[in-house]
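Taking it in order: structure first as structure tokens, then the write-up.
Chains as they are written, first to last, in this note's numbering: chain F, 591 to 860; chain Z, 591 to 860.
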């Protein structure tokens, strides 16, 4: 692990940029190398076999460029492919947003009644249930697949009557006050974009957990002693497997002060 | 072209099954070989470069299995990749749903004011505008990208308040009666699944054009003289690049009397 090497981050699309932005806030001297597998997104509706194949290819690509740690900034890939990636690269520190989000939920919930809004792939994997139960045995986790949230966020429809009606469709029965749920995990990196509408629906007593911040916190612990030298000044390299212009537009909104957000490389993984 | 060979059909997912079903209704003796590139769907949000690459791979796969004609049962792939496929296989009859849908629209519209609901990729390609203008020079075509319709259909949300509000979001301004629009082309093979809600929104004076039926009609003309021998009894072979069980469930709804719909092969294109 070389201190000056970048931290590799990948997601199927733009969602993981929220994770990259959170990492940059807490570790501004690190270089970040971000790969978006836009040509094959979304991952959340695909089988574990296919998502694992794509995720291992993405990891191989980033490792080939030279990285000191890997952040799987996609909940679906974290849920189904983290083990395969770790086995492929046994000496590389590999972090997933699911373990970080689960830790955040355990810290945020008093009642232990936790709702996870996620993709179909993440819900089917039971990864959140397993991770949360590992920390708190008396928890009760309800994982709800919300695939339309991804399409809404990708289209920039992040609030308003359509978002509200879709949110009610998925989540209203869980937050009628009868079950004592006090925590909503945004278990897909797209969902923080809809946080305002989801927070209103869940109500003021429910705490929202955003995996991005939780992942950044966990990464600081993982890299303790291997932080980049402070004189590197950080940096951001963006790579997409399709449509780099569209990707760059969204990246510039998340990194308004960084020129690098306007330059997105196009790469083929397959 | 051997009469007994199957007709190859491909789409990114389940949408093209409506085309396969329409072909089966008019040509029950033909064998159909259907490929769904589920591992990389959707195509509609991706760049022409990537969609063309996927579509040519799908065509190569089907040609490798032996087919007498190819139906591109995905509007996005028809819009951007039909030429590349025809160049790659110059002696194979290749039909796309866009040209068929455009012909259907010209037949259905009196005013020449035509609305096409489609994916982003189809709209950007201007393929419907070009095809319709080729038949009717005084037409006015408005192509509206409706990406959320794909997510709704894939999730089985085909009617009800959410579908109605999304349909209003995209289409209401076009059907307020002021523009004389009298035809709505369902320019994505997913959209016929939402036809009831879209028909109510457009109103009784607007004719809906479903590309599936139009494509079957065009195929009959293309294959004139090369129909399968009547004693073959037809048949259906389904292949998916991911999650064959999920694909099979939807196929069995569209082909309830065919045992073949319960058997879906898994294949890798890449």
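Quick reminder that beta carbons are idealized off the backbone N, C-alpha and C, glycines included. If you're wondering where the values come from, they're calculated on a predicted model, not measured in any experiment.
Tell me which residues share the same chain as residue i and place their Cβ nearer than 7 Å to its Cβ, disregarding the 5 neighbours each side in the sequence.
| i | result |
| --- | --- |
| residue 695/Z | 704, 722, 773, 775 and 799 |
| residue 726/F | 696 and 702 |
| residue 719/Z | 731 and 733 |
| residue 818/F | 593, 594, 619, 620 and 621 |
| residue 795/F | 772 |
| residue 859/Z | 627, 647, 648, 651 and 831 |
| residue 655/F | 623 |
| residue 789/Z | 798 |
For residue i, return the contacting residues in chain F, with the cut-off set at a CB-CB distance below 8 Å.
| i | result |
| --- | --- |
| residue 822/Z | Near residue 822/Z there are no residues of chain F at all, since even the closest Cβ is about 34 Å away, more than 8 Å. |
| residue 855/Z | The contacting residues do not exist; residue 855/Z stays about 15 Å from chain F at best. |
| residue 756/Z | 752 |
For residue i, which residues in chain F fall below 7 Å Cβ to Cβ?
| i | result |
| --- | --- |
| residue 763/Z | Result: empty, since nearest Cβ-Cβ is about 15 Å, beyond 7 Å. |
| residue 602/Z | Those within 7 Å of residue 602/Z in chain F number zero; the least Cβ separation is about 11 Å. |
Going by the CB atoms, is the gap between residue j and residue i shorter than 8 Å?
| i | j | result |
| --- | --- | --- |
| residue 746/Z | residue 621/Z | no |
| residue 793/F | residue 837/F | no |
| residue 662/Z | residue 690/Z | no |
| residue 782/Z | residue 802/Z | yes |
| residue 787/Z | residue 753/Z | yes |
| residue 865/Z | residue 832/F | This structure gives no information on residue 865/Z, because the portion of chain Z shown stretches from 591 to 860. |
| residue 643/F | residue 602/F | no |
| residue 777/F | residue 712/F | yes |
| residue 708/Z | residue 680/Z | no |
| residue 742/F | residue 784/F | yes |
| residue 807/Z | residue 659/Z | no |
| residue 634/Z | residue 710/Z | yes |
| residue 698/F | residue 797/F | yes |
Are the C-beta of residue i and some C-beta of chain C separated by less than 8 Å?
| i | result |
| --- | --- |
| residue 860/Z | The displayed structure is made up of protein chains F and Z, and chain C is not among them. |
Could you name the residues of chain Z that residue i contacts, counting a contact when the two beta carbons are closer than 7 Å?
| i | result |
| --- | --- |
| residue 759/F | 752 |
| residue 629/F | 636 and 640 |
Within a Cβ cutoff of 6 Å, which residues of the same chain sit near residue i, ignoring the five residues on either side of it in sequence?
| i | result |
| --- | --- |
| residue 829/F | 625, 855 and 857 |
| residue 605/F | 779 and 780 |
| residue 600/F | 625 and 648 |
| residue 845/F | 851 |
| residue 834/Z | 854 and 856 |
| residue 668/Z | 662, 686, 687 and 688 |
| residue 728/Z | 702 |
| residue 638/F | 670 |
| residue 611/Z | 844 |
| residue 674/Z | 642 and 646 |
Check the C-beta distance from residue i over to residue j and give it rounded, since I have them as a contact under 8 Å.
| i | j | result |
| --- | --- | --- |
| residue 613/Z | residue 738/Z | Incorrect: roughly 28 Å between the Cβ atoms, too far for contact. |
| residue 805/F | residue 609/F | 5 Å |
| residue 755/F | residue 755/Z | 6 Å |
| residue 816/Z | residue 591/Z | 5 Å |
If I measure Cβ to Cβ from residue i and keep anything under 8 Å in the same chain, skipping five residues before and after, which residues do I get?
| i | result |
| --- | --- |
| residue 657/Z | 595, 596, 597, 598, 623 and 682 |
| residue 840/Z | 604 and 607 |
| residue 653/Z | 598, 660, 679 and 682 |
List the residues of chain Z that residue i touches, going by C-beta distances under 9 Å, in chain order.
| i | result |
| --- | --- |
| residue 743/F | Under the 9 Å cutoff, chain Z gives no residues; its nearest Cβ is about 11 Å from residue 743/F. |
Is residue i near the ligand NAP, with its Cβ less than 7 Å from a heavy atom?
| i | result |
| --- | --- |
| residue 778/F | Here there are no bound small molecules, and the ligand NAP is not part of this structure. |
Interfacial residues, the region 632–654 of chain F to chain Z, with Cβ spacing under 8 Å: 635, 636, 637, 639 and 640
field: Contacting positions in the region 817–841 of chain F - beta carbon closer than 7 Å to chain Z
entry: Cβ contacts with chain Z: 832 and 833.
- prompt: If contact means a Cβ-Cβ distance below 8 Å, which residues of the region 713–737 of chain Z contact chain F?
  reply: 737
field: chain F contacts made by the region 651–682 of chain Z, where a contact means CB separation under 9 Å
entry: none
- request: Return the residues of the region 781–800 of chain Z that lie within a Cβ-Cβ distance of less than 7 Å from chain F, sorted by chain order.
  value: none
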